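Participant: Structure incoming, see below.
2 protein chains.
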Amino acid sequence: MSTRQAADKSKSVEDASPESITLPRPTLERLPAYYRVVAAAVKSGEAYIASSELGRRLQIDDAQVRRDLSCVWGKGRPGLGYKAVDLLHRLEDVLGFNNVTDAVLVGAGRLGLALCAYPGFRSYGIQIVAVFDADKNKIGKKLPGEGNAGRVILPVDKLGDLVRRLRIQLGIITVPEHEAQGVANTMVEAGIRAIWNFAPVSLTVPSDVVVRNEDLAIGLATLQHYLTK
Amino acid sequence: MSTRQAADKSKSVEDASPESITLPRPTLERLPAYYRVVAAAVKSGEAYIASSELGRRLQIDDAQVRRDLSCVWGKGRPGLGYKAVDLLHRLEDVLGFNNVTDAVLVGAGRLGLALCAYPGFRSYGIQIVAVFDADKNKIGKKLPGEGNAGRVILPVDKLGDLVRRLRIQLGIITVPEHEAQGVANTMVEAGIRAIWNFAPVSLTVPSDVVVRNEDLAIGLATLQHYLTK
DNA sequence: CGAAGTTCGTGATATTTTTCACTATCACCA
DNA sequence: TGGTGATAGTGAAAAATATCACGAACTTCG
Numbered sequence: 049m050s051t052r053q054a055a056d057k058s059k060s061v062e063d064a065s066p067e068s069i070t071l072p073r074p075t076l077e078r079l080p081a082y083y084r085v086v087a088a089a090v091k092s093g094e095a096y097i098a099s100s101e102l103g104r105r106l107q108i109d110d111a112q113v114r115r116d117l118s119c120v121w122g123k124g125r126p127g128l129g130y131k132a133v134d135l136l137h138r139l140e141d142v143l144g145f146n147n148v149t150d151a152v153l154v155g156a157g158r159l160g161l162a163l164c165a166y167p168g169f170r171s172y173g174i175q176i177v178a179v180f181d182a183d184k185n186k187i188g189k190k191l192p193g194e195g196n197a198g199r200v201i202l203p204v205d206k207l208g209d210l211v212r213r214l215r216i217q218l219g220i221i222t223v224p225e226h227e228a229q230g231v232a233n234t235m236v237e238a239g240i241r242a243i244w245n246f247a248p249v250s251l252t253v254p255s256d257v258v259v260r261n262e263d264l265a266i267g268l269a270t271l272q273h274y275l276t277k
Numbered sequence: 049m050s051t052r053q054a055a056d057k058s059k060s061v062e063d064a065s066p067e068s069i070t071l072p073r074p075t076l077e078r079l080p081a082y083y084r085v086v087a088a089a090v091k092s093g094e095a096y097i098a099s100s101e102l103g104r105r106l107q108i109d110d111a112q113v114r115r116d117l118s119c120v121w122g123k124g125r126p127g128l129g130y131k132a133v134d135l136l137h138r139l140e141d142v143l144g145f146n147n148v149t150d151a152v153l154v155g156a157g158r159l160g161l162a163l164c165a166y167p168g169f170r171s172y173g174i175q176i177v178a179v180f181d182a183d184k185n186k187i188g189k190k191l192p193g194e195g196n197a198g199r200v201i202l203p204v205d206k207l208g209d210l211v212r213r214l215r216i217q218l219g220i221i222t223v224p225e226h227e228a229q230g231v232a233n234t235m236v237e238a239g240i241r242a243i244w245n246f247a248p249v250s251l252t253v254p255s256d257v258v259v260r261n262e263d264l265a266i267g268l269a270t271l272q273h274y275l276t277k
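Taken in order, these protein sequences are the chains called L and Y.
The numbering of the first sequence is the numbering used here, which starts it at 49 and goes up by one.
The numbering of the second sequence is the numbering used here, which starts it at 49 and goes up by one.
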């Protein structure tokens, strides 16, 4: 969760490189929503989509939409809007949905297997190449889901090896909280660069490893807080 | 207009009411993390915990911690820190972990059942009282998880009735995206006040209904974006 | 081709959130 | 009991983010 923004305020001279761009965090978090709306628009045959329309469908201010998209792609057409297909591709690029990233998942509990079976990951550019668990009873069991025929749960002590061997960059943690830090350590040691953590703990990792905590308690707390008012 | 804190102790009336406080959104989202650390501290027998220590464990600036906690509880003790047990209770109060909220869950897929089996909800003040699905093959099947003995999946056309009858306030949506809006409509019509949405769509609801979108694509996109840099 | 109507991109402004810096408060100890 | 050290609370400054507002670019149509 380190958002170090360089003070370098270089205006987009060459916008061709999708890599070097730095997006404000809130903008980055809105992009997936834009992506879905644009994808829907493309599907339903709309050639262009305007910021106001995008904003209306997502309840976001249209100026906000324009500013977000201008970070990503300064190619809207006045009078018409954004060319839907091109914008879609651009968003895929920025969000990394194009190049497939291999991932490992540790923790073959209900949540882990649910994620593992989720077909959507493919379209988001994630492929879970292996699932691990520490429980001997689970090891060797088949994985659920469409594309997982024949694949099985592996013992967690093979985790480090496999990560190293396949140069896996992304690890998904769905183990109970008291095991999470240990798994994270193994991952880090084996060279993983990003961790998607579903365990309700705050992991400690080196600063060059990105962690995204998917904390369900936050959602619950938010809602509960509103309800008790 | 400067040093007048002695006279103007509390910002408004006495702070006994946990209801009327309004927290900045980012603060509210950090509270669950504080809650966990404080809970751990209490468990391990620490009587007091300092903002610096909290911050260290969560990688949050200590001034930030103090400001957050001051919104919630202006009762830290200089020289010592916050009394762990009391702070814990205060956080439980604010986060609504004390009063149990009944909830319904719609969508008995893998994710829905995983949530349904998750024991942690109880301690967060949530109780899932019924699980619905539209799939006839699933209806009548048993629910997984410890406390769910004997309970079964109900047909979704009973959703409205049950919500109305039990005056349910919170709905959890774990259906495929194209069914989500319909479920949300039913919930809203039946009087639900908050929706926890796991479907990757932006729901349209009246302004008095709170929606929390738990969008996995955001997490993925964030990580992918960092990886492709 | 010109006028009317949209919509983008963005400087300027407002708002929100974080961080700094300092004082008052309290514990602890000799 | 007074001195020392640690820490909370909080104005004020800084940084980040969102919104406003307007000119310029483009389309459409007569």
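All residues carry an ideal CB built from backbone N, CA and C; glycine is no exception.
Predicted model, so just to flag it, every value in this text is computed and none were measured.
1) Interface residues of chain L around residue 273 (chain Y) at Cβ under 8 Å?
2) If we ignore side chains and look at the alpha-carbon of each, how far apart do residue 243 (chain Y) and residue 259 (chain Y) end up?
3) Between the alpha carbons of residue 188 (chain Y) and residue 257 (chain L), how many angstroms are there, rounded?
4) Taking the alpha carbon of residue 240 (chain L) as the reference point, which residue from L:151, L:146, L:224, L:133 has its own alpha carbon closest?
5) Could you give the residue range of the alpha helix (DSSP H) that holds residue 256 (chain L)?
6) Residue 263 (chain L) touches chain Y at which residues, Cβ-Cβ below 7 Å?
7) Give every residue of the same chain whose Cβ lies closer than 6 Å to the Cβ of residue 192 (chain L), excluding the five residues on either side of it in the sequence, and list them in chain order.
8) How about residue 80 (chain L) and residue 143 (chain L): are their beta carbons less than 8 Å apart?
9) For my contact list, residue 148 (chain Y) and residue 175 (chain Y) are in at a C-beta cut-off of 8 Å; report their separation, rounded to the angstrom.
10) Can you tell me whether residue 51 (chain L) is helix, strand or coil according to DSSP?
11) Could you tell me if residue 269 (chain Y) is buried or exposed, where buried requires 16 or more neighbouring beta carbons within 10 angstroms of its beta carbon?
12) Taking the continuous alpha helix (DSSP H) assigned at residue 203 (chain Y), which residues delimit it?
13) Can you confirm whether residue 36 (chain L), when its beta carbon is compared against all beta carbons of chain Y, has any partner nearer than 8 Å?
14) Only counting the same chain, and skipping five residues up and downstream in sequence, which positions put a Cβ closer than 6 Å to that of residue 219 (chain Y)?
15) Could you give the C-beta distance for residue 136 (chain L) and residue 90 (chain L), rounded to a whole number, given that I count them as a contact under 8 Å?
16) Can you list, in chain order, the residues of its chain with a C-beta nearer than 8 Å to that of residue 206 (chain L)? Leave out the 5 residues immediately preceding and following it.
17) What number of angstroms, rounded off, separates the C-alpha of residue 184 (chain L) from the C-alpha of residue 78 (chain L)?
18) From residue 217 (chain L) to residue 271 (chain Y), what distance separates their C-alpha atoms?
19) Using the C-alpha atoms, what's the distance from residue 228 (chain L) back to residue 249 (chain L)?
20) Based on Cα-Cα distance, which residue from L:155, L:177, L:197 lies nearest to residue 230 (chain L)?
21) Enumerated in chain order, which unbroken segments of the beta strand (DSSP E) with a length of 3 residues or greater are wholly contained in the segment 209 to 240 of chain L?
22) For the candidate residues L:98, L:138, L:120, whose alpha-carbon lies nearest to that of residue 126 (chain L)?
23) Bridge partners of residue 96 (chain L), per DSSP?
24) Which residues in chain L have a C-beta closer than 7 Å to the C-beta of residue 217 (chain Y)? List them in chain order.
Facilitator: Quick answer:
1) 71, 76, 142, 143, 144
2) 5 Å
3) 45 Å
4) Looking at the Cα atoms, L:151 is the closest of the given residues.
5) Taken as a continuous stretch (DSSP letters only), residue 256 (chain L) belongs to no alpha helix (DSSP H), as it is neither H nor E.
6) 80
7) These residues qualify, in order along the chain: 161, 165.
8) Yes, these two residues count as a Cβ contact at 8 Å.
9) Residue 148 (chain Y) to residue 175 (chain Y), Cβ: 5 Å. Contact.
10) Because the pLDDT at residue 51 (chain L) is just 32, under 50, the model does not fix this residue reliably, and the value given afterwards should be weighed accordingly. Of the three classes helix, strand and coil, the one that applies to residue 51 (chain L) here is coil, per DSSP.
11) buried
12) Segment 201 to 203 is the beta strand (DSSP E) holding residue 203 (chain Y); no alpha helix (DSSP H) there.
13) This structure gives no information on residue 36 (chain L), because the portion of chain L shown stretches from 49 to 277.
14) 152, 235, 240, 243
15) 6 Å
16) 180
17) 41 Å
18) The C-alpha of residue 217 (chain L) lies about 10 Å from the C-alpha of residue 271 (chain Y).
19) Rounded to whole angstroms, residue 249 (chain L) to residue 228 (chain L) spans 8 Å at the Cα level.
20) L:155
21) 218 to 221
22) Nearest in C-alpha terms to residue 126 (chain L), of all of L:98, L:138, L:120, is L:98.
23) L:131
24) In chain order: 275.
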